[in-house]
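Residue numbers (my numbering): -7 to 459.
We put the CB at the ideal spot given by N, CA and C, even for glycine.
This structure is a prediction, so every number in the text was calculated from the model and none was measured.
Structural data, given as structure tokens:
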């Protein structure tokens, strides 16, 4: 659920928890600025200040929860922005609204505004920094701004790295890290309705002992740009009189050492250096699976967008000519997307074949290695069998027991070797343990034989003397 905050409510109502000191930014006072407490399953997830003039959010305030393990898009709209008297008090799927909302799209962007425009819905509060219900709530058009595919990808990548690698490790209390992600509208519009941002920005406040604050700006015309600046410098680029954090989040008292440590990591991210160490092997191994799934799913997703566009656009556009023109743009965009996917199929199939071949070579190597180890096992048993005449006949039961143990161990190893073809490296560890157990039993047998030989020899000598 998502709620438009009434004028008689303080701040963002229940969503004040997403602001430092529970105080929202000051200076955003235009009549077309709408406060939204973004809720889902009746719980606040983040806050958004939305511009009904520009049809984009000016900022979204949120906290880091956990990195997303999966991502599923399900876009929603806010009925109350266009129809305040509407009884729908929850975010709803655009295709399910039908005629229940008056003036739909008058004050907010719709999916049809993005179809065929060359822009995609870029999230200010990135879904990858959220988990479960928090992630679902981010996929609302009141949290999206028009971004080129390349810029949207770089924005989410850079913000994700900055938060996880630079901000979280240097804030002593993670739940005291407050984040504001915003957009500065420009005069450029798509379909004469939705403003394209001239820049994106992020403001962070670590409201904890030895706290700090930081601002970042990414220009819309340079997807690789990521400039760092103080919160006060960032405020000067926004509307006059804007204050993002209460008391500038202690900017005057923050330690230079902390700020330099954060900026050093940001500089590494900006230059493309790897920060810290992580094991990406699992991601690389499963990357081709996700790519193949993307190849299969992309045409259907594009077709669904086209159908939504047909349903919404033909109802909103007043003339048949405009509807046909917009439909043509949607079909061209769809065919273009399908063509790009089909072009990439040979490359992806080649990568899959190479991975399968490498996996087969790995299995062959494991089989050869296990065969060699199995053949080397009887050598120790043969050496002990050759030394049998040197020991007393009384040791025969013990030797027979050891032989049975060796034969049973060899049979067990043959079974384990067969299993190892399917289980790979798991067999090797078990085999080493079993081999050491066999060696331990053989060593005990040798000691037992030696202990039994000595008494028997002395007894024989005594009998001879008596005769």
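CB of residue i within 9 Å of CB of residue j, strictly
i	j	result
residue 94	residue 75	yes
residue 237	residue 36	no
residue 68	residue 114	no
residue 123	residue 102	no
residue 195	residue 116	no
residue 140	residue 215	yes
residue 127	residue 60	yes
residue 197	residue 221	no
residue 223	residue 154	no
residue 437	residue 394	yes
residue 131	residue 182	no
residue 159	residue 254	yes
residue 108	residue 360	no
residue 53	residue 4	yes
residue 362	residue 397	no
residue 148	residue 169	no
residue 212	residue 234	no
residue 83	residue 51	no
residue 291	residue 344	no
residue -5	residue 135	no
residue 433	residue 365	no
Whole-Å CB distance - residue i paired with residue j, under 8 Å assumed
i	j	result
residue -3	residue 48	The pair is not a contact, with the Cβ atoms about 18 Å apart (cut-off 8 Å).
residue 10	residue 55	6 Å
residue 157	residue 133	Residue 157 to residue 133, Cβ: 30 Å. No contact.
residue 210	residue 179	In fact, because the Cβ distance is near 19 Å, the residues do not count as touching under 8 Å.
residue 150	residue 218	5 Å
residue 118	residue 186	With a Cβ gap of about 20 Å, residue 118 and residue 186 do not count as contacting.
residue 43	residue 25	6 Å
residue 241	residue 203	7 Å
residue 30	residue 129	5 Å
residue 193	residue 231	The pair is not a contact, with the Cβ atoms about 13 Å apart (cut-off 8 Å).
residue 355	residue 406	The Cβ separation is near 18 Å, so there is no contact.
residue 46	residue 161	Actually they are not in contact, since the Cβ atoms of residue 46 and residue 161 sit about 35 Å apart, beyond 8 Å.
residue 326	residue 295	7 Å
residue 440	residue 390	5 Å
residue 426	residue 401	7 Å
Where the beta strand (DSSP E) through residue i begins and ends
i	result
residue 27	25 to 32
residue 38	35 to 43
residue 5	It is not in any beta strand (DSSP E) - residue 5 carries neither H nor E in the DSSP assignment.
residue 54	48 to 54
residue 115	112 to 115
Sheet register partners of residue i (DSSP bridge)
i	result
residue -5	29
residue 132	68
residue 197	170 and 205
residue 338	Answer is none; residue 338 lacks a bridge partner.
residue 175	192
residue 18	235
residue 182	186
residue 84	69
residue 527	The requested residue 527 is not part of the displayed model; the chain covers only -7 to 459.
Residue range of the alpha helix (DSSP H) that includes residue i
i	result
residue 72	71 to 74
residue 151	141 to 153
residue 104	103 to 106
- Message: What ranges does the alpha helix (DSSP H) occupy inside the stretch 389 to 419, keeping only unbroken runs of at least 4 residues that lie completely in it?
- Response: none
- Query: Taking only runs of the beta strand (DSSP E) that begin and end inside the stretch 206 to 257, which ones reach a length of at least 3 residues, in chain order?
  - Reply: 219 to 221
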